[in-house]
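S.K.: Numbering (our numbering), first residue to last: 11 to 94. Backbone N, C-alpha and C fix where the C-beta goes; we use that ideal spot for every residue, glycine too. For reference, the structure I am asking about is given below.
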């Protein structure tokens with residue numbers, strides 16, 4: 011599945027449209043809280059050291075589902091902007 015459209019709505023809500031026609035409106039804050047919860051665990055040194063490469067996703071991942079976009083990794087490591 012991939013995203014084909016996004017529309018900002020009131021109260022920081024995003025309406026997402028997926029390629030299969032599925033549409034859903036959700037508040038950004040709800041998504042942000044979920045994302046932050048995943049990355050909070052990485053503040054624990056022992057958990058952070060459990061990082062691995064996912065050859066399926068082609069990026070770094072942790073067991074709780076946290077990952078980082080490979081384009082962001084490259085940009086951060088190289089100092090180069092992300093090219094679209």
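1. Return the chain-ordered list of same chain residues with a C-beta closer than 8 Å to the C-beta of residue 10, the five sequence neighbours on each side being excluded.
2. Could I get the ranges of all uninterrupted alpha helix (DSSP H) runs contained in the region 18-69, with 4 residues as the minimum, in chain order?
3. Is it buried or exposed, residue 38, if we count other Cβ atoms within 10 angstroms and call 16 or more buried?
4. Using DSSP's beta-bridge definition, name the partner residues of residue 71.
5. Three Cβ pairs or more, each shorter than 8 Å: is that satisfied between the region 51-60 and the region 23-38?
6. Who are the Cβ neighbours of residue 69 in its own chain at under 8 Å, not counting the five residues just before and after it?
7. To which residues of the same chain is residue 35 closer than 8 Å at the C-beta, ignoring the five residues directly before and after it?
M.R.: Inspection of the coordinates gives the following:
1. Outside the displayed range of the chain (11 to 94) lies residue 10, so it cannot be described from this structure.
2. 38-50, 55-58
3. exposed
4. Partner(s): 62, 77.
5. As far as the Cβ criterion goes, the region 51-60 does not touch the region 23-38, which means the pair count is below three.
6. Cβ within range, chain order: 63, 77, 78, 79, 80, 83.
7. 19, 23, 24, 25, 26
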